[in-house]
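I have placed the structure first, in the form of structure tokens, so that the comments after it can refer back to it.
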Amino acid sequence: MSVTGLCTFRLGGILLGLPVSEVQEIVRSSHITPVPLAPPLVKGLVNLRGQVMPAIDLRWRLGIERGNREPGIHVILAHGNELISLPVDSIDDVMNLSDDRRLPPPETLNRPLRESCGAAWDISDELLLELDPAKLLRGRDSESSE
Numbered sequence: 003m004s005v006t007g008l009c010t011f012r013l014g015g016i017l018l019g020l021p022v023s024e025v026q027e028i029v030r031s032s033h034i035t036p037v038p039l040a041p042p043l044v045k046g047l048v049n050l051r052g053q054v055m056p057a058i059d060l061r062w063r064l065g066i067e068r069g070n071r072e073p074g075i076h077v078i079l080a081h082g083n084e085l086i087s088l089p090v091d092s093i094d095d096v097m098n099l100s101d102d103r104r105l106p107p108p109e110t111l112n113r114p115l116r117e118s119c120g121a122a123w124d125i126s127d128e129l130l131l132e133l134d135p136a137k138l139l140r141g142r143d144s145e146s147s148e
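Residue 3 is where the sequence shown starts when you use this note's numbering, and the numbers rise one by one after that.
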């Protein structure tokens, strides 16, 4: 039986995860510099030890309500040869899940969230939604071309 490793985090109370293989690191309190005229998906730029990368507004992308405070934790996604900062509310655990617990994303999710999910996972007391980095970035690319 195959096992999938996910780095899990919360955004707006929702438990989300990304494949461990695509997460470079977790960083606390990175300042986000706004970019004038950027599409709404781009929250700004983050400078991580001299490397500048876009910060994606996951709340906007996934249709999740705005929080009361700015996230101080960033998941640094390494997708292809690009680094992207994903500000999140909190970090949970790294989970290794057997594929027999994998489910399709529920139809009841809002459309942006459902279209960004690669799978849902049945864990003891809640549902973990696995984000598909390619789908997240495809949304970014189509937004920036409008």
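By construction, the Cβ of each residue, glycine as well, lies at the ideal position given by its N, Cα and C atoms. Note that the structure is a prediction, hence the values are computed from the model and not measured.
Near S31, what residues of its chain come up, given a Cβ to Cβ distance below 7 angstroms and the 5 sequence neighbours on each side ignored? G74
Excluding the five sequence neighbours on either side, which residues of its own chain have a C-beta within less than 8 angstroms of the C-beta of Q26, listed in chain order? I78, L79, A80 and L85
If you pair each beta-carbon of the region 9 to 20 with each one of the region 111 to 130, do three or more pairs fall below 8 angstroms? yes
Give me, in chain order, the residues of the same chain whose beta-carbon lies closer than 8 angstroms to that of G65; leave out the 5 immediate sequence neighbours on both sides. N112, R113, P114 and L115
Own chain, CB closer than 6 angstroms to E145, minus 5 neighbours either side, in chain order: The predicted position of E145 is uncertain, since its pLDDT is 46 and thus under 50; a value taken from the coordinates is nonetheless stated next. Excluding positions up to five away in sequence, the list reads P41 and L43.
What is the C-beta distance between R140 and W123, in whole angstroms, given that I count them as a contact (C-beta under 8 angstroms)? Rounded, the Cβ-Cβ distance is 22 angstroms, inconsistent with contact.
By Cβ distance below 6 angstroms, which residues in the same chain neighbour L60 in space, the five residues on each side in sequence not counted? L13 and L88
Compare the beta carbon distance of F11 and S92 with 8 angstroms and say whether it is the shorter of the two. yes
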